[in-house]
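*Asks:* Residue numbers (the working numbering): 11 to 448.
Cβ atoms here follow ideal geometry from the backbone N, Cα and C, with glycine treated the same way.
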């Protein structure tokens, strides 16, 4: 659902100057919808004057330092205030605006009827405007998020993301904006740091920002090519990106992909004997309560401190003499103590964050995870012959623990692939083939 028109109407009532700034940004793309030829001058009292010319196959929007007063080549002059321009862009009748004193027209009024195409056509996006060469105003774009993002989308989420834009080559449009989300309340955008903690900071140069806004590069590509940098939690940044796309009517395909993956995740919950959490993220805590008491090596501690975990430490915590390594028996006992269980891991948060991640970013992540997924299974299979070559029974038992560890890692990645990534196949090797084909 495209919320642009709804947001524009609300802006026109509450912050008409902001609405007018957005409309002016989209003019280079919007006027291409007007039937040529047409040339007119637009003055917005609070913001300035522009000359617009539409010819066959071309449209030009030029900002003027002041109204020219010269009628040569102009079909008409249109003078309005910010509220009038916003209302007209939102579909308000120009005649009503003229009667209300918001709009004055000098020249060929019948030519002005061509401007109906601006209100009757689908809303022009900022991406289209950037592609048409418009000057991008990040301040207006970020402030508009208060109106574009539906508060209902933010239910269950509370965070603040800071967007830092470094000035471009012409030292333009730099600044920092803080976007605060508060569990169903209207999004707030400020240029001053909030009282609470900033969850994540996104840093990007103006030139890269313009390419992102214009659709020349995707957010995932920008991260991959290090055009943007995220310091902090990436999930809130992903959520905001999805909501921004949704507000422009460009998230339908991702919503459908998300629906399909949720169905697969639900059907796959509990693979490898894993826990089936209710989504609270507490399942692992409850499952861990039933763990057996770990085997303790004489002279070591049963807690997770350094005494029992570092093979370089002697029993009772002293440093082992150089060259005095743990025996295979001690290594086996240490392995028993440090054991962990794949089926006790709670993936409820991972599932939610995965389905929220856009398709391209999922593909990038799957490629990286797939390398480990395939590698762990291959190591498991290739380690087996080494057991037959073990020189002693103690070495054979120790190598068996390593084989089990690699199998555990393979099971971890397979459980993640099945329950979180929602891969299509229903068995380990089938899912591996999916990743190998990427």
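When burial is assigned at 16 or more other CB atoms within 10 Å of the CB, is residue 358 buried or exposed?
*Replies:* buried
*Asks:* Would you list, in sequence order, the uninterrupted beta strand (DSSP E) runs of no fewer than 3 residues that lie entirely inside the segment 67-129?
*Replies:* 68-74, 86-90, 113-117
*Asks:* Classify residue 75: buried if its beta carbon has 16 or more other beta carbons within 10 angstroms, exposed otherwise.
*Replies:* exposed
*Asks:* In the segment 373-406, which residue ranges form an unbroken alpha helix (DSSP H) of at least 4 residues, counting only runs that do not cross its ends?
*Replies:* none
*Asks:* Just to confirm before moving on: does the CB-CB distance between residue 174 and residue 211 stay below 8 Å?
*Replies:* yes
*Asks:* Taking residue 242 as part of the alpha helix (DSSP H), name the residues at either end of that continuous run.
*Replies:* Membership of residue 242 in any alpha helix (DSSP H) is not indicated; the residue belongs instead to the beta strand (DSSP E) covering 238-242.
*Asks:* Taking only three categories from DSSP, how would you classify residue 31?
*Replies:* helix
*Asks:* For residue 224, which three-state DSSP category applies?
*Replies:* coil
*Asks:* By how many angstroms is the C-alpha of residue 440 removed from the C-alpha of residue 320?
*Replies:* Legend: pLDDT at residue 320 = 49, less than 50; position of this residue unreliable, no value from coordinates given.
*Asks:* So does the segment 413-427 actually touch the segment 383-390, counting three or more Cβ pairs closer than 8 Å?
*Replies:* yes
*Asks:* Could you pull out every residue in the same chain whose Cβ sits closer than 6 Å to the Cβ of residue 44, ignoring the five residues on either side in sequence?
*Replies:* 64, 124, 127
*Asks:* Using 8 Å as the cut-off, can you tell me whether the segment 188-202 makes contact with the segment 336-346, which would need three or more C-beta pairs spanning the two stretches below that distance?
*Replies:* No contact exists between the segment 188-202 and the segment 336-346.
*Asks:* Tell me which residue opens and which closes the beta strand (DSSP E) that residue 155 is part of.
*Replies:* First-last for residue 155: 148-158, but that is the alpha helix (DSSP H), not the beta strand (DSSP E).
*Asks:* Is the beta carbon of residue 468 sitting closer than 8 Å to the one on residue 382?
*Replies:* Here the chain comprises residues numbered 11 to 448, so residue 468 is not present and cannot be evaluated.
*Asks:* Less than 8 Å between the beta carbons of residue 35 and residue 142, yes or no?
*Replies:* Cβ distance not < 8 Å, so residue 35 and residue 142 don't count as in contact.
*Asks:* Based on Cα-Cα distance, which residue from 255, 380, 138 lies nearest to residue 447?
*Replies:* 380
*Asks:* Pull up the distance between the alpha-carbon of residue 438 and that of residue 278, whole angstroms please.
*Replies:* Taking the straight line joining both Cα atoms gives about 13 Å.
*Asks:* Quick check on the DSSP output: the alpha helix (DSSP H) that includes residue 444 runs from which residue to which?
*Replies:* 438-446
*Asks:* Just reading off the alpha helix (DSSP H) that residue 201 is part of, what are its end residues?
*Replies:* Unbroken run through residue 201: none, as it is neither H nor E.
*Asks:* Using the Cα positions of residue 391 and residue 223, report the straight-line distance between them to the nearest angstrom.
*Replies:* 48 Å
*Asks:* State the Cα-Cα distance for the pair residue 433 and residue 247, rounded to the nearest angstrom.
*Replies:* 25 Å
*Asks:* Can at least three beta-carbon pairs, one atom from the segment 156-164 and one from the segment 46-63, be found at a separation below 8 Å?
*Replies:* no
*Asks:* Count the other CB atoms, across all protein chains shown, that sit within 10 Å of the CB of residue 361; report buried if there are 16 or more and exposed otherwise.
*Replies:* So residue 361 ends up on the buried side.
*Asks:* What is the rounded straight-line gap between the Cα of residue 13 and the Cα of residue 187?
*Replies:* Straight-line Cα distance between these residues: approximately 22 Å.
*Asks:* Under the DSSP definition of a beta bridge, which residues are partnered with residue 214?
*Replies:* 175, 238
*Asks:* Within a Cβ cutoff of 8 Å, which residues of the same chain sit near residue 107, ignoring the five residues on either side of it in sequence?
*Replies:* 90, 94, 97, 98, 113
*Asks:* Here's a check: name, in chain order, each residue in its chain whose Cβ is nearer than 6 Å to the Cβ of residue 135, leaving out the five neighbours to either side.
*Replies:* Closer than 6 Å at Cβ, skipping near neighbours: 258.
*Asks:* Given a cut-off of 8 Å, decide if residue 244 and residue 183 are closer than it, judged by their beta-carbon atoms.
*Replies:* no
*Asks:* My output table needs one value for residue 45: the three-state DSSP class, helix, strand or coil.
*Replies:* It is coil, neither helix nor strand.
*Asks:* Where do the N-terminal and C-terminal ends of the alpha helix (DSSP H) with residue 360 fall, by residue?
*Replies:* 358-366
*Asks:* Rounded to the nearest angstrom, what separates residue 201 and residue 220 at their Cα positions?
*Replies:* 20 Å
*Asks:* Return the CA-CA distance between residue 218 and residue 69, expressed in angstroms with no decimal places.
*Replies:* 25 Å
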